[in-house]
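In UniProt numbering, the protein residues as written are 1 to 226.
Yeah, the Cβ is synthetic: ideal placement off N, Cα and C, and Gly gets one too.
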């Protein structure tokens, strides 16, 4: 990618027409751009601890500038030393100023496409996250069926955001106000069972991803998923 004049038409990852969901190589994904950016920025941060992963200096600057543009919008000198991607210097300021006219969506799109270029395993990572996202509603419905929750009066509504992070089971529910103690206990039982099912599914999918990423290295796979 020419960072001085990136060809956005050549990006593999784009927004679907009239939607906040992404499309990758003309394949629609069930992940919004903002969700993809969030899991991708976390993924990139974790890669920084991998000695086998190396990013050229200019690309590191660009990642940092894009992160700040998403976080703060237009260039803000006071924010130059902020964030988990921080490394100081005048280069940081210059790179951020280059893209200060980017919208939030433009910055997020370039971030994920740049990561797609510098990280060969990124595509497998995104495919895995999309699978988890598509599987989640079925897991919830199947679990509720196992609990025989069929009465619309007793069926509690679960706030299950379209998140694909592996910690989904910890944040998938917005606890409501309860009409009674019995109602609260029912909710807690449903929540516990669904969390267990989600954890089981995401564990197996993440393990499959790790095995694909680190073939023939079971110790690294175990460390990766622990």
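Please state the DSSP three-state secondary structure of residue i.
i           : result
residue 61  : helix
residue 30  : strand
residue 55  : coil
residue 117 : helix
residue 99  : coil
residue 3   : coil
residue 8   : helix
Does residue i pass the burial test, meaning 16 or more other C-beta atoms within 10 Å, or should it be called exposed?
i           : result
residue 107 : buried
residue 77  : exposed
residue 95  : buried
residue 155 : Because the pLDDT of residue 155 is 43, which lies under 50, any placement of that residue in the model is unreliable, and the number read from its coordinates should be weighed accordingly. With fewer than 16 other Cβ atoms within 10 Å, it is exposed.
residue 57  : exposed
With respect to 7 Å, is the separation between the Cβ of residue i and the closest non-hydrogen atom of the ligand GDP below this value?
i         : result
residue 5 : Ligands are entirely absent from the displayed structure, and the ligand GDP is therefore not among its contents.
Please identify the residue among the options whose C-alpha is closest to the C-alpha of residue i.
i           : options          : result
residue 21  : 218, 105, 68     : 105
residue 72  : 19, 49, 99       : 99
residue 44  : 63, 10, 14, 23   : 63
residue 92  : 110, 70, 66      : 66
residue 14  : 7, 90, 23        : 23
residue 126 : 33, 3, 5, 9      : 33
residue 18  : 10, 28, 9        : 28
residue 4   : 97, 189, 124     : 97
residue 9   : 109, 42, 68      : 109
residue 103 : 74, 90, 6        : 74
residue 6   : 59, 68, 182, 189 : 59
Check the C-beta distance from residue i over to residue j and give it rounded, since I have them as a contact under 8 Å.
i           : j          : result
residue 116 : residue 12 : 6 Å
residue 111 : residue 54 : Wrong, their Cβ atoms sit about 18 Å apart, outside the cutoff.
residue 186 : residue 1  : With 8 Å as the limit, residue 186 and residue 1 do not qualify as a contact, their Cβ atoms being about 52 Å apart.
residue 119 : residue 61 : Their Cβ separation, rounded to whole angstroms, is 17 Å, which puts residue 119 and residue 61 out of contact at 8 Å.
residue 122 : residue 70 : Not a contact, Cβ separation roughly 18 Å.
Is there a C-beta anywhere in chain D that falls below 8 Å from the one on residue i?
i          : result
residue 44 : Absent here is chain D; the protein component of the structure consists of one chain.
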